[in-house]
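**Q** According to full-length UniProt numbering, the stretch in the sequence shown is residues 1 to 165, in order.
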Amino acid sequence: MAYLLDANVFIQAKNLQYGFDFCPAFWSWLDQAYDAGRLCSIRQVGDELTGGGDELAEWALGREDGFFLAPDAAVLTAAQHVSAWVVQQGYEPAAVNTFMQVADFWLVATALTGHHTLVTHEVASASVKKIKIPNVCIGLGVDFMSPYQMLRREQARFVLGPTPT
Numbered sequence: 001m002a003y004l005l006d007a008n009v010f011i012q013a014k015n016l017q018y019g020f021d022f023c024p025a026f027w028s029w030l031d032q033a034y035d036a037g038r039l040c041s042i043r044q045v046g047d048e049l050t051g052g053g054d055e056l057a058e059w060a061l062g063r064e065d066g067f068f069l070a071p072d073a074a075v076l077t078a079a080q081h082v083s084a085w086v087v088q089q090g091y092e093p094a095a096v097n098t099f100m101q102v103a104d105f106w107l108v109a110t111a112l113t114g115h116h117t118l119v120t121h122e123v124a125s126a127s128v129k130k131i132k133i134p135n136v137c138i139g140l141g142v143d144f145m146s147p148y149q150m151l152r153r154e155q156a157r158f159v160l161g162p163t164p165t
């Protein structure tokens with residue numbers, strides 16, 4: 001079991017709390033946790049990140065192939081299960097179509113297959129117009145949490161040290 005990170009974890013970290021320029025420790029921590037087998041993401045998230053043409057895109061391109069997992073046969077089977085569940089929940093057809101075409105769909109399928117904990121900034125919603133990752137996770141019994149819960153559980157520490165010269 002590992003943490004499986006949603007694109008919004010990386011994007012919000014870059015744009016807000018853990019910018020590359022003032023909190024490089026966050027990004028180092030991600031690499032260390034990946035090296036220890038405790039976290040990863042999926043290829044579709046990697047594709048989303050590398051499409052930005054910014055510092056986050058460069059960071060994502062610099063990760064090993066295994067950091068962004070490609071779907072395997074088990075994930076493809078789980079995707080059918082996720083799809084069937086989503087279709088049966090009464091979401092608007094446009095919401096279902098959108099969900100099936102974005103990384104969120106594959107994140108849930110991968111988490112379901114690998115018994116991963118999905119890490120996202122999304123929160124559950126009663127809306128039938130947009131499918132949120134936590135709603136699908138709850139419905140399918142997939143563990144999920146916020147990035148802050150993950151960092152606390154993992155006892156991540158971003159401690160100031162001497163300023164590099």
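Think of the CB as a built atom: it goes at the ideal place given N, C-alpha and C, for glycine as much as any other residue.
Three-state secondary structure (DSSP) at T117?
**A** strand
**Q** Measure from the alpha carbon of residue 166 to the alpha carbon of each residue in Y18, C23, S41, A36, then state which is nearest.
**A** Because residue 166 is not part of the residues shown, which for the chain are 1 to 165, the question remains open.
**Q** Whose C-beta lies closer than 7 Å to the C-beta of S83 among residues of the same chain, with five residues either side of it excluded?
**A** Closer than 7 Å at the Cβ level, and outside the excluded window around S83, lie M100.
**Q** According to DSSP, is F158 part of a helix, a strand, or is it coil?
**A** coil
**Q** Return the residue from the list I11, L16, W29 that minimises the CA-CA distance to V45.
**A** I11
**Q** Quick one: what's got a C-beta closer than 6 Å to P147's C-beta in the same chain, skipping five residues either side?
**A** V9, V119
**Q** Ignoring anything shorter than 3 residues, give me the beta strand (DSSP E) runs that lie fully in the stretch 59-131, in order along the chain.
**A** DSSP runs (the beta strand (DSSP E)) wholly in the stretch 59-131: 117-119.
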